[in-house]
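Below is one structure, written out as structure tokens, with a few remarks after it.
Numbering (our numbering), first residue to last: 3 to 941.
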């Protein structure tokens with residue numbers, strides 16, 4: 003606290019007693035008073051500042067005030083216990099409550115540590131905004147405190163543990179970097195904002211400190227897709243609805259806020275133009291200038307999409323079933339029917355048939371018949387037509403009620419026939435036709451053959467049989483029945499044969515309704531008179547459907563409108579919610595209802611485990627949706643087999659990965675099997691990671707102190723399970739520890755990092771003044787969405803007494819091709835000693851007089867044991883001990899290794915030649931410093 007005079011109020015403690023008449027008195031417990039100095043050590047003496055009497059409390063109000071001169075150099079913190087006692091208590095024991103008080107004394111001198119703005123001593127708060135869902139390891143901020151006395155940045159930062167009880171943050175003590183330790187979620191009120199305290203300290207002996215409260219607030223990102231309340235929607239709509247009528251409402255939610263949570267709805271799919279969806283409310287209506295007609299389209303299979311303003315979307319299938327209304331009346335196949343018979347036929351003889359079609363379904367399309375009128379008297383006794391004829395209500399067949407003898411006449415009996423469906427209203431569901439019944443006198447007939455079935459031209463039959471009679475006797479009464487030799491109908495006639503005596507028509511060749519639905523026949527009947535009498539009758543044979551076709555995914559002659567790729571490719575974002583639309587499969591069955599119903603099943607490639615599948619398919623629509631939360635990093639692609647069947651519950655075997663090879667045919671050769679390849683689209687759900695060995699050996703290396711500016715030191719390489727290959731690398735901070743173990747921050751320009759490749763290069767002309775010490779380099783890798791990984795690299799500055807060399811009787815060109823393999827094999831023999839060899843430079847061999855040996859190569863190196871650089875002597879003893887290992891001797895011989903000694907003397911003269919030594923790129927996780935191009939070309 004700033005310099006204050008005695009009696010300045012500090013704070014007030016307040017106790018409550020619910021009893022009536024209570025009287026509370028406050029006091030400081032003298033035995034509880036303790037103090038700490040600036041370094042945090044307990045104060046033992048009351049001289050020169052008596053911490054025991056620095057503060058006093060008003061016994062009535064609880065106000066704490068200063069009672070002495072404050073001096074932070076001696077007393078920086080005072081703690082004590084305040085007692086609150088009810089002096090009017092009626093119990094036998096004293097009624098006392100306590101509270102612990104800690105008072106921190108701040109310095110007023112200009113030499114106090116200060117954090118960078120916006121921190122101030124009056125408002126010691128630093129506010130930071132970060133995107134939600136940043137992964138653990140993301141850099142939040144870097145605390146920077148300055149010591150004005152020395153003009154240096156502080157390198158000792160400590161998080162106050164109790165200020166972050168859930169350990170959401172990590173503070174790097176040496177650099178002040180603050181990293182996320184747990185994800186923070188904007189939508190979770192418990193993690194939307196977190197605060198903690200960081201204290202910065204100077205080094206002893208003059209320890210000073212400053213404290214900052216860091217408040218980290220998450221900002222919303224578009225990390226949630228819209229979610230529909232249903233995995234699919236099915237709405238029913240009457241075909242009688244007018245444009246603008248509402249059919250249903252879809253609803254999706256998005257856990258994001260503001261624009262990322264604002265959803266827009268849209269429709270797609272064949273027939274989507276018939277409907278309109280309110281983009282904000284999700285209400286689905288019949289579009290203007292459109293009308294539903296079940297007889298044209300009975301079902302609409304659409305996709306409804308919910309998309310937020312950040313571009314994330316979810317799709318679910320939507321089926322709109324058009325309900326039938328009685329909007330069609332029966333239609334007779336002919337406006338007038340002529341039926342012929344002879345007067346000798348008996349009762350209940352079939353005279354003919356009328357037929358009406360109704361396009362509606364179920365009861366609305368069920369037609370019944372009745373004779374409406376034509377009942378005028380036919381003789382003097384009042385006999386009416388209804389006494390002569392009847393009509394079957396369901397079939398429309400007209401029969402005689404009585405023998406027709408005596409009812410022949412020159413003009414026909416005219417019956418008005420009414421057809422009515424079963425729908426409502428009935429007034430709009432009727433139709434009438436006229437049936438003209440001709441009854442001929444046998445005498446008038448004059449011996450011509452009479453075809454009594456079929457009674458008229460144009461009758462549609464399915465099991466035809468010709469019935470003919472002739473009233474003559476002898477040859478004139480003998481009949482011959484056959485197909486008329488009409489060339490136009492010859493092809494149709496070829497599919498049938500007719501018995502010349504009985505008139506029975508049978509099938510001669512196989513009929514296929516999918517190729518030809520109906521056939522026209524012209525039948526003649528003639529007697530054997532001279533000249534013969536001939537009559538003809540024309541009829542249509544309609545082929546009824548049977549279930550003789552299987553569903554097919556292949557475009558065949560019977561499915562000319564079907565085109566579907568096989569395999570069918572689809573994609574869906576990883577981590578999509580269960581029920582997310584993927585694709586729609588569609589097969590064709592050329593049969594007619596009900597034989598063309600198709601059911602869909604996934605029969606292979608779908609199992610995640612014994613009880614979990616990746617996808618599910620709507621067996622009625624063929625729509626494939628996700629059935630699990632899928633992770634591209636685990637399985638990037640699925641190859642599904644979809645089976646189409648006309649049987650709702652077929653006996654099928656789920657084909658697993660292990661027995662696919664047992665199939666005799668590829669799925670693309672089976673018309674009822676479709677291969678669906680689903681690719682999971684990557685989302686950036688992972689941040690970059692720096693791979694490290696368990697002992698971090700790959701993040702420790704060394705460099706010769708005379709390595710020139712711009713030389714490669716080490717290749718840093720981050721990886722990301724996502725398809726995020728592009729990172730931006732940066733050096734955040736560098737500290738240097740000298741050979742006396744004193745650490746200080748140094749400029750980040752001591753090394754250079756390529757922001758695109760991660761290659762760290764030297765940033766100085768040499769490092770002679772840093773010999774024997776080490777740099778601690780903090781490196782960040784950031785992806786395109788600001789997800790970040792950080793790691794640190796230890797770089798030892800090597801002295802000549804720390805470097806050895808392997809000598810090879812090979813040219814540098816040859817050694818450059820295999821020296822890394824040699825080093826790797828050597829390290830396998832050193833692994834038990836927790837020791838590794840790190841190659842530094844590769845150059846022409848130098849003899850002990852400093853002369854170049856052109857057919858030899860020196861590979862200089864240093865050795866690390868437990869990540870510490872070994873001296874030459876220790877390293878040499880360890881390597882010499884390997885000489886007893888026969889495998890090592892074989893390795894030396896294989897690579898023509900001729901000697902092992904100190905790397906020095908170092909050649910200062912550069913010899914040039916046309917031998918080019920290419921730098922080596924070390925793939926992760928071996929980030930180690932492989933070698934430096936100390937001599938690029940030499941003679």
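All C-beta atoms, glycine included, are put in the ideal place defined by N, C-alpha and C. These numbers come from a predicted model, not from an experiment.
Item to complete: Please name the residue in 574, 163 and 134 whose C-alpha comes closest to that of residue 187.
Response: Indexing the chain shown from 1 puts residue 187 at position 185. Nearest C-alpha to residue 187 among 574, 163 and 134: 134.
Item to complete: Out of 57, 202, 798 and 853, state which residue places its alpha-carbon closest to the alpha-carbon of residue 11.
Response: Within the chain shown, the letter at position 9 stands for residue 11. That would be 57, whose Cα lies nearest to the Cα of residue 11.
Worksheet entry | Continuous beta strand (DSSP E) stretch holding residue 807: start and end | Residue 807 sits at position 805 when you count from the first residue of the chain shown. Its beta strand (DSSP E) spans residues 806-810.
Worksheet item: What are the boundary residues of the alpha helix (DSSP H) that residue 895 is part of?
Response: Indexing the chain shown from 1 puts residue 895 at position 893. For residue 895, the enclosing alpha helix (DSSP H) begins and ends at 888-896.
Item to complete: Quick one: residues in its chain with C-beta nearer than 7 Å to the C-beta of residue 425, no 5 flanking neighbours on either side, listed in chain order?
Response: As a first step, residue 425 is located in the chain shown; it is residue number 423 there, counting from the start. Once the five neighbours on either side are set aside, the close Cβ partners of residue 425 are 328, 362, 365, 366 and 431.
Worksheet entry | Cβ-based neighbour list, residue 16, same chain, cut-off 6 Å, excluding 5 preceding and 5 following | Position 14 of the chain shown, counted from the start, is the residue given in the question as residue 16. Contacts found: 64.
Worksheet item: Hey, which unbroken runs of the beta strand (DSSP E) at 3 residues or more fall wholly within the region 707-781?
Response: Counting only runs of 3 or more, we get 714-717, 730-739, 745-748, 753-755 and 761-764.
Worksheet item: Is the distance from the Cβ of residue 66 to the Cβ of residue 29 below 9 Å?
Response: In the chain shown, counting from the first residue as 1, residue 66 sits at position 64. In the chain shown, counting from the first residue as 1, residue 29 sits at position 27. Contact flag unset, no.
Worksheet item: My guess is that residue 217 and residue 129 are in contact by the Cβ rule of under 8 Å, so how many angstroms apart are they, rounded?
Response: Here residue 217 corresponds to residue number 215 of the chain shown, with the count starting at 1. Here residue 129 corresponds to residue number 127 of the chain shown, with the count starting at 1. Correct: roughly 5 Å between the Cβ atoms.
Worksheet item: If we ignore side chains and look at the alpha-carbon of each, how far apart do residue 554 and residue 592 end up?
Response: For the purposes of this step, residue 554 is identified with residue 552 of the chain shown, where counting begins at 1. For the purposes of this step, residue 592 is identified with residue 590 of the chain shown, where counting begins at 1. When only Cα atoms are considered, residue 554 and residue 592 end up about 9 Å apart.
Item to complete: Would you tell me roughly how many angstroms separate the C-alpha atoms of residue 784 and residue 729, rounded to the nearest one?
Response: Position 782 of the chain shown, counted from the first residue, corresponds to residue 784. Position 727 of the chain shown, counted from the first residue, corresponds to residue 729. Cα to Cα, the separation comes out at about 5 Å.
Practice prompt. Spatial neighbours of residue 260 within its chain, please: CB distance less than 7 Å, with the 5 preceding and 5 following residues excluded, ordered by chain position.
Written response: Looking up residue 260 in the chain shown gives position 258. Taken in chain order, the residues that qualify are 222.
Item to complete: Apply the 10 Å Cβ neighbour rule to residue 840 and answer buried if 16 or more other Cβ atoms are within range, or exposed otherwise.
Response: Position 838 of the chain shown holds residue 840. Residue 840 is buried by the Cβ-count criterion.
Discussion item. Quick check on the DSSP output: the beta strand (DSSP E) that includes residue 355 runs from which residue to which?
Written reply: Here residue 355 corresponds to residue number 353 of the chain shown, with the count starting at 1. Its beta strand (DSSP E) spans residues 352-355.
Worksheet item: In terms of residues, what are the limits of the alpha helix (DSSP H) holding residue 874?
Response: The residue given as residue 874 occupies position 872 in the chain shown. Per DSSP, residue 874 belongs to the alpha helix (DSSP H) from 874-882.
Worksheet item: Using a Cβ-Cβ cut-off of 6 Å (strictly less than) and excluding sequence neighbours within five positions of residue 457, which residues of its own chain qualify?
Response: Within the chain shown, the letter at position 455 stands for residue 457. Unreliable positioning characterises residue 457 in this predicted model, as indicated by a pLDDT of 43, which lies under 50. The coordinate reading is nonetheless provided below. 341, 342 and 354, listed in sequence order.
Discussion item. Quick check on the burial criterion: 16 or more other C-beta atoms within 10 angstroms. Buried or exposed for residue 474?
Written reply: Translated into the one-based positions of the chain shown, residue 474 becomes position 472. Summary for residue 474: the model assigns pLDDT 45, below 50, so the residue's position carries little reliability, and this model does not support an answer.
Worksheet item: Taking DSSP as the reference, what is the three-state secondary structure of residue 855?
Response: For this step, residue 855 is matched to residue 853 along the chain shown. Strand at residue 855.
Worksheet item: Which residues does DSSP pair with residue 942 in a beta bridge?
Response: The question about residue 942 has no answer, for the chain in this structure spans 3 to 941.
Discussion item. Helix, strand or coil, according to DSSP, for residue 298 in the structure here?
Written reply: By one-based count along the chain shown, residue 298 stands at place 296. The answer is coil: DSSP assigns residue 298 none of H, G, I, E or B.
Practice prompt. Could you tell me the distance, in whole angstroms, from the CA atom of residue 306 to the CA atom of residue 788?
Written response: Walking along the chain shown from the start, residue 306 turns up at place 304. Walking along the chain shown from the start, residue 788 turns up at place 786. Between the alpha carbons of residue 306 and residue 788 lies a gap of roughly 33 Å.
Discussion item. Just to confirm, is the Cβ distance from residue 35 to residue 87 under 9 Å?
Written reply: Here residue 35 refers to the residue found at position 33 of the chain shown. Here residue 87 refers to the residue found at position 85 of the chain shown. No, Cβ-Cβ distance for residue 35 and residue 87 is not below 9 Å.
Item to complete: Please name the residue in 83, 643 and 573 whose C-alpha comes closest to that of residue 104.
Response: If you number the chain shown from 1, residue 104 lands on position 102. The residue with the shortest Cα to Cα distance from residue 104 is 83.
Worksheet item: Three-state secondary structure (DSSP) at residue 589?
Response: The residue given as residue 589 occupies position 587 in the chain shown. The answer is coil: DSSP assigns residue 589 none of H, G, I, E or B.
Practice prompt. Hey, could you find the ends of the alpha helix (DSSP H) residue 68 is sitting in?
Written response: Reading the chain shown from its first residue, position 66 is the one you call residue 68. First-last for residue 68: 65-68, but that is the beta strand (DSSP E), not the alpha helix (DSSP H).
Worksheet item: Taking the C-alpha atoms as reference points, what is the distance between residue 39 and residue 184?
Response: One-based indexing of the chain shown puts residue 39 at position 37. One-based indexing of the chain shown puts residue 184 at position 182. Each residue's alpha carbon lies about 35 Å from the other.
Practice prompt. Mark residue 225 as exposed unless 16 or more other C-beta atoms lie within 10 angstroms of its C-beta, in which case mark it buried.
Written response: As a working note, residue 225 is residue 223 in the chain shown. By the Cβ-count criterion, residue 225 is buried, with 16 or more other Cβ atoms from all chains shown falling within 10 Å of its own Cβ.
Worksheet item: Alpha carbon to alpha carbon, what distance is there between residue 741 and residue 877?
Response: Taking the first residue of the chain shown as position 1, residue 877 is located at position 875. Taking the first residue of the chain shown as position 1, residue 741 is located at position 739. Distance from the CA atom of residue 877 to the CA atom of residue 741, rounded to whole angstroms, is 19 Å.
Fill in: Cut-off 7 Å between Cβ atoms - residues of its own chain near residue 18, not counting five sequence neighbours on either side
Within the chain shown, numbered from 1, the residue matching residue 18 stands at position 16. Contacts found: none.
Worksheet item: If we count the other Cβ atoms within 10 Å of its Cβ and call it buried at 16 or more, is residue 290 buried or exposed?
Response: Taking the chain shown and counting its residues from 1, one reaches residue 290 at position 288. Classification of residue 290: exposed, given that the 10 Å Cβ count is below 16.
Practice prompt. Inspect the beta-carbon positions of residue 619 and residue 587 and report whether they are closer than 9 Å.
Written response: The residue labelled residue 619 in the question sits at position 617 within the chain shown. The residue labelled residue 587 in the question sits at position 585 within the chain shown. A contact, by the Cβ cut-off of 9 Å.
Practice prompt. Compute the beta-carbon to beta-carbon distance between residue 809 and residue 900, rounded to the nearest angstrom, for a pair I have assumed lies under 8 Å.
Written response: On the chain shown, position 807 is the one that residue 809 refers to. On the chain shown, position 898 is the one that residue 900 refers to. Confirmed, about 5 Å.
Worksheet item: What separation, rounded to the nearest whole angstrom, lies between the Cα atoms of residue 743 and residue 772?
Response: Sequence index remark: in the chain shown, residue 743 carries index 741 (1-based). Sequence index remark: in the chain shown, residue 772 carries index 770 (1-based). Cα to Cα, residue 743 sits roughly 12 Å from residue 772.
Worksheet entry | Where the alpha helix (DSSP H) containing residue 825 begins and where it ends | As a first step, residue 825 is located in the chain shown; it is residue number 823 there, counting from the start. Under the DSSP assignment, residue 825 falls in the alpha helix (DSSP H) whose first and last residues are 814-832.
Practice prompt. Can you say whether residue 710 is buried or exposed, counting buried as having 16 or more other CB atoms within 10 angstroms of its CB?
Written response: Working through the chain shown from its first residue, we reach residue 710 at position 708. Exposed, by the Cβ-count rule.
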